[in-house]
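All you need for the working numbering is the position in the sequence shown, starting with 1, plus 3. All C-beta atoms in this analysis are idealised placements derived from N, C-alpha and C, irrespective of residue type, glycine included. Notes follow once the structure below has been shown.
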Amino acid sequence: MKLPTTFLFASLLAVAASAAPRTITLGLVAKSQGNPVFQAARVGAEDAAADLGKKLGLTIKIDWRTPNEEDAQKQAEAIEQLVLAGAEGIAVSCSDANKLTDAINSAVANGVPVVTFDSDAPASKRFATYGIDDLECGQQTMEELARVLGGKGIVAVLAGNQNAPNLQRRVAGVREAAKKYPGITIRDVYYHKETPQDAAAKVEQVMQANPDITGWAMIGGWALFTENALKWQPGTVQCVSVDALPAQLNYIRSGHVPVLLGQQCYQWGYRSVGLLIDKIVLKKDPPAVKEISALVPVSKDNLDDYAKNWAKWLRK
């Protein structure tokens, strides 16, 4: 029996459609476009999409919806837009957990799983979060500083936004670790707007008012994103900072900073995509809601090897 041409054509279309790889779009909402840590996270996400797509026979697309500058309201709007655009999963680094919780919960209610990275929204319905343990981060920063100070000195803490829960936990970690060293006194915790210029100005202001400070515990690397932020001779004041971006590495080269604690920002994107694909495609939840990313100590001993990572992470 001869089949109608239209039936054959429809059948061929169905076979072609079934043979075509599934396309999955994942939204990536970081805090700001210009920050190298989030540029590295984007590269990590794109690399994971390529690797997992090849492994699973999928086409995975990353829809980057990050505001030019930190703006939690714009992040919330981006999440809403991604849901409307048909994204099947979203990864977000939360500028303000309170402002993003409703947007995350709405996405989940609409069947779109959400994972957070770097900065969490713990009261939301995100199914997983990937990043450092902030309390341990503060502790490690203080431990490294105490080591280079020989267990004694007067320490200042540079702490960014006073209202950021993750930074509050880092400060708590610094204070907790300092209790182990009776020879160390914390002069104060200094907050500031999270821009390189404001952070560097705060360091200079504090040093002018407190010339007896011998160490800085920087729980964020803001001040070191600028040149000549540390106005003392190398070795006269010790400094340990979180993050190990290219601009910060120059302070190790100059001898102003003995140790930086690098966050695995490339992995923020890479691992977030992995968690989402496990959830969406393999129907697999992570063994724990929080997956801890270790800090990587960077000193003169491993500086050159670590610096090479940025060529990959920033596509240079």
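Rounded to the nearest whole angstrom, the CA to CA distance from Ser109 to Ile255 is 45 angstroms. A contact is defined here as three or more CB-CB pairs under 8 angstroms, and the segment 122-138 fails this definition with respect to the segment 209-218. For the pair Thr144 and Ile27, the CB atoms are not nearer than the 7 angstroms cut-off. For Leu264, the pairing in a beta bridge is given by DSSP as Val245 and Pro300. In this structure, the CA atom of Gly238 is about 49 angstroms from the CA atom of Ile63. In the displayed model, Asp191 falls within a strand according to three-state DSSP.
Between the C-alpha atoms of Lys155 and Thr188 there is a straight-line separation of about 8 angstroms. The beta-carbon separation of Ser98 and Phe120, rounded to 13 angstroms, does not stay under the 8 angstroms limit for a contact.
The three-state secondary structure of Gly218, taken from DSSP, is strand. Taken through DSSP and simplified to helix, strand or coil, Leu317 comes out as coil. Judged by DSSP in its simplified three-state form, Leu161 adopts strand. Here Ala149 is buried. Its C-beta has 16 or more other C-beta atoms within 10 Å.
Only residues of its own chain outside the window of five on either side were considered, and among them Lys287 have a CB closer than 6 angstroms to the CB of Asp281, listed in chain order.
Excluding sequence positions up to five before and after Cys268, its CB lies within less than 6 angstroms of the CB of Val40, Ala43 and Ala44, all in the same chain and listed in chain order.
Ranking Leu85, Gly258, Leu285 and Ala94 by CA distance to the CA of Leu306 puts Gly258 first.
Taking a contact to require three or more Cβ pairs closer than 8 angstroms, the segment 176-193 and the segment 156-164 qualify as touching. Taking the CA atoms as reference points, Pro300 sits about 6 angstroms from Leu263. The beta strand (DSSP E) runs lying completely inside the segment 107-193 and spanning 3 residues or more are 117-120, 131-134, 155-161 and 186-193, given in chain order.
Here the alpha carbon of Tyr133 sits roughly 7 angstroms from the alpha carbon of Trp271.
For Ala204, the enclosing alpha helix (DSSP H) covers residues Pro199 to Ala212.
The C-alpha of Ala203 lies about 4 angstroms from the C-alpha of Ala226. Per the C-alpha coordinates, the member of Val151, Ala297 and Pro261 positioned closest to Asp304 is Pro261.
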